[in-house]
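Chemist:
Numbering (this note's numbering), first residue to last: 575 to 757.
#1: Name the residue from 663, 743, 631 whose alpha carbon lies nearest to the alpha carbon of residue 696.
#2: If you compare alpha carbons, which of 707, 731, 728 is closest to residue 741?
#3: At which residues does the alpha helix (DSSP H) containing residue 776 begin and terminate?
#4: How many angstroms separate the CA atom of residue 575 from the CA atom of residue 584?
#5: On the DSSP letters alone, give me the boundaries of the alpha helix (DSSP H) that residue 758 sits inside.
#6: In or out: residue 677 buried (at least 16 other Cβ within 10 Å) or exposed?
#7: May I ask you to report which of helix, strand or coil DSSP gives residue 749?
#8: Kindly list the residues whose CB is nearer than 7 Å to the CB of residue 722, restricted to its own chain and excluding five residues on each side of it in sequence; keep chain order.
#9: My assumption, with CB atoms under 8 Å, is that residue 639 sits in contact with residue 613. Please give the rounded CB distance.
#10: Quick check on this structure: which residue in 587, 615, 606, 652 has the alpha carbon closest to the alpha carbon of residue 631?
#11: Are there 16 or more other CB atoms within 10 angstroms of the CB of residue 635, so buried, or fewer, so exposed?
#12: Taking the straight line between their C-alpha atoms, what separation do you get for residue 671 and residue 620?
#13: Please classify residue 700: is it buried, with 16 or more other beta-carbons within 10 angstroms of its beta-carbon, or exposed?
#14: Which of the three DSSP states is assigned to residue 536 in this structure?
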């Protein structure tokens, strides 16, 4: 099966599609709509209403459309090859095992560091957010646990974990924590 990051690269045919595919729906739709308007305007100015636009405006529309397409296609290819979370799959799996091992051995700080590194590698990882929130709750850092749980709710896979997220939220609500100053 073709890896997810290679499928994202294939979506460069239309700006906005890779962003929608990778979970950035609002940004992707905005970009796709803007590109669609530009292409339609360029086509209409070139072949339909030729007299409404002068030559320099037509050329500018095609140049802007081409630059937008080239820029977004280039960024998508670079992102998919260098920064896509699937690229770090081996390291992510290793960090999961190490974090679980550290947690079971009672090495809370080490487990926390590994979970935070996991989240840095893949910010959309719902399970890593949930594990970190549970760890913070267990170590008595309820305010931070609530913040991480709020971030967890914003991840793409949160609907799958809704039961666990709700249980942890109820548990956190029963355990009042010290108030941190607003930063």
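Don't be surprised by glycine CBs; every beta carbon is placed ideally from N, CA and C.
Modeler: The structure says:
#1: 663
#2: 707
#3: Any answer about residue 776 is impossible in this case: the structure gives the chain only from 575 up to 757.
#4: Interpretation of residue 575 is limited by its pLDDT of 42, a score under 50 that renders its predicted location unreliable; the figure taken from the coordinates is listed afterwards. Each residue's Cα considered, the two are about 14 Å apart.
#5: With the chain covering 575 to 757 only, the question about residue 758 has no answer from this structure.
#6: buried
#7: coil
#8: 703, 706, 707, 710
#9: 6 Å
#10: 615
#11: buried
#12: 59 Å
#13: buried
#14: Lying outside 575 to 757, the shown extent of the chain, residue 536 is not represented and no answer is given.
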